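First up is the structure itself, then whatever we jot down about it.
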Amino acid sequence: MKIHKLCCLALLLAHTTSAVNLNLKTSELVFLGDAELGPASDGVSRSGAHSLTAKPSSNSSSPYPFETSFTFSISTRIKPAPGHGLAFVVVPSIESDGPGPAGYLGIFNKTNNGNPKNHIFAVEFDVFQDKGFGDINDNHVGININSVTSVVAEKAGYWVQTGIGKMKHWSFKEFKLSNGERYKAWIEYRNSKVTVTLAPETVKKPKKPLIVAHLDLSKVFLQNMYPGFSGAMGRGVERHDIWSWTFQNSAKRI
């Protein structure tokens, strides 16, 4: 049985200008590109690059289960030219092959896009429609495996249950990812199933996920993998903030 480990490392990637705020120790973070730690509560701005330590978690049986939740916001600086959004990523290395521009989200490029040897899992929060990559609109959430083209995608929003008894039904509330508001995402992988749930920060976790996808990630994950975030701007100007983040597997939580 193949064993996988997901290193307890917050890997933060960015292509062009972005800022990241995290409730984590700076010693547990790696910043690449233009990613930086935003102002702390004491008003002091700290930034770093390639200075963090990977702490491997205990082994877990394949296929590798995990769950993560984080609060984020995407804010455009110049309207109507937004960037290309933010992605939660799980990658095999802190070394980059050289991210492509714009819609490649800072993790892929023209050469490696679609290559199964990438071993990259991502959930994108996309705010720009790139029809060349099959984007469904300019405000969606998608699951990506080794490619910037999503294997499944849904417009951004959350499900609300109303009524009681036999009168219960679900209604969908859409929102704009790039409006600067804080949203919370929950991503879970277990028993070859990925679920992505999304809601405004002040709303409890919806009982119905935004995305449910049956995917076997055992061929995607290598023995050591790194979770984190990546973003891209293109010709637009956009700020990506991660306000809080928890990551948990069967062995350890950060």
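Numbered by mature numbering (1 follows the signal peptide of the UniProt record, and there is no 0), the letters in the sequence shown go through residues -19 to -1, 1 to 235 in order. The beta carbon of each residue, even a glycine, is placed where N, CA and C say it ideally should be. Keep in mind it's a predicted model, so treat the numbers as computed, not measured.
Worksheet entry | G29 versus F106: straight-line alpha-carbon distance, rounded | Mapped onto the sequence shown, residue 29 falls at position 48. Mapped onto the sequence shown, residue 106 falls at position 125. At G29, the pLDDT of 25 sits below 50, so the modelled position is not reliable; the number obtained from the coordinates is stated separately. Their backbone Cα atoms lie some 25 Å apart in a straight line.
Worksheet item: Where does T227 sit, in a helix, a strand or coil, going by DSSP?
Response: Taking the first residue of the sequence shown as position 1, residue 227 is located at position 246. T227 falls in the strand class under three-state DSSP.
Worksheet item: Applying the criterion that 16 or more other CB atoms from any shown protein chain within 10 Å of the CB defines a buried residue, is residue 238 buried or exposed?
Response: With the chain represented from -19 up to 235, any question about residue 238 goes unanswered, as that position is not in the structure.
Fill in: D222 in three-state terms, based on DSSP
In the sequence shown, the residue the question calls residue 222 occupies position 241. Here D222 sits in strand by DSSP.
Worksheet item: For I192, which beta-bridge partners are listed by DSSP?
Response: As a working mapping, residue 192 is identified with position 211 in the sequence shown. Bridge partners of I192: V177.
Item to complete: Enumerate in chain order the residues of its own chain whose CB-to-CB distance from T103 is below 6 Å, with the five nearest sequence positions on each side excluded.
Response: Position 122 of the sequence shown, counted from the first residue, corresponds to residue 103. According to the sequence displayed, residue 103 carries Ala and not Thr. Same-chain partners within the cutoff: A68, V70, N125.
Discussion item. Please report the distance separating the alpha-carbon of M148 from that of Q142.
Written reply: As a working note, residue 148 is residue 167 in the sequence shown. As a working note, residue 142 is residue 161 in the sequence shown. Roughly 10 Å between the two C-alpha positions.
Discussion item. Between which two residues does the beta strand (DSSP E) holding R171 run?
Written reply: Position 190 of the sequence shown holds residue 171. From DSSP, the beta strand (DSSP E) with R171 extends over 164 to 171.
Worksheet item: By DSSP, does N160 sit in helix, in strand, or in coil?
Response: In the sequence shown, residue 160 corresponds to position 179, counting from 1. Three-state result, N160: strand.
Worksheet item: How far does the beta strand (DSSP E) with S199 in it reach, from first residue to last?
Response: Here residue 199 refers to the residue found at position 218 when the sequence shown is read from its first residue. Per DSSP, S199 belongs to no beta strand (DSSP E) and is neither H nor E.
Worksheet item: What is the DSSP secondary structure of G146, reduced to helix, strand or coil?
Response: Residue 146 sits at position 165 when you count from the first residue of the sequence shown. Looking at G146 - three-state DSSP - the assignment turns out to be helix.
Worksheet item: H121 bridges to which residues according to DSSP?
Response: Mapped onto the sequence shown, residue 121 falls at position 140. D107, K136, per the DSSP bridge assignment.
Item to complete: Label R220 either buried or exposed according to how many other C-beta atoms from any shown protein chain fall within 10 Å of its C-beta, with 16 as the threshold for buried.
Response: Taking the sequence shown and counting its residues from 1, the one referred to as residue 220 is at position 239. That one is buried.
Worksheet item: Whose C-alpha, out of N96, D222, S211, is nearest the C-alpha of G87?
Response: As a working note, residue 87 is residue 106 in the sequence shown. Nearest of N96, D222, S211 to G87, Cα basis: S211.
Fill in: For N93 and K157, the rounded distance between their alpha carbons
For the purposes of this step, residue 157 is identified with residue 176 of the sequence shown, where counting begins at 1. For the purposes of this step, residue 93 is identified with residue 112 of the sequence shown, where counting begins at 1. Their Cα atoms are separated by approximately 30 Å.
Practice prompt. Assign S131 to buried or exposed, taking buried as 16 or more other Cβ atoms, counted over all protein chains shown, within 10 Å of its Cβ.
Written response: Counting from 1 along the sequence shown, the entry for residue 131 is found at position 150. So S131 counts as buried.
Worksheet entry | For K189 and S152, the rounded distance between their alpha carbons | Translated into positions along the sequence shown, residue 152 becomes position 171. Translated into positions along the sequence shown, residue 189 becomes position 208. Rounded to whole angstroms, S152 to K189 spans 10 Å at the Cα level.
Practice prompt. May I ask you to report which of helix, strand or coil DSSP gives C(-12)?
Written response: Working through the sequence shown from its first residue, we reach residue -12 at position 8. Any reading at C(-12) needs caution, since the residue's pLDDT is 39, under 50, leaving its predicted position unreliable; the model's value is listed next. Of the three classes helix, strand and coil, the one that applies to C(-12) here is coil, per DSSP.
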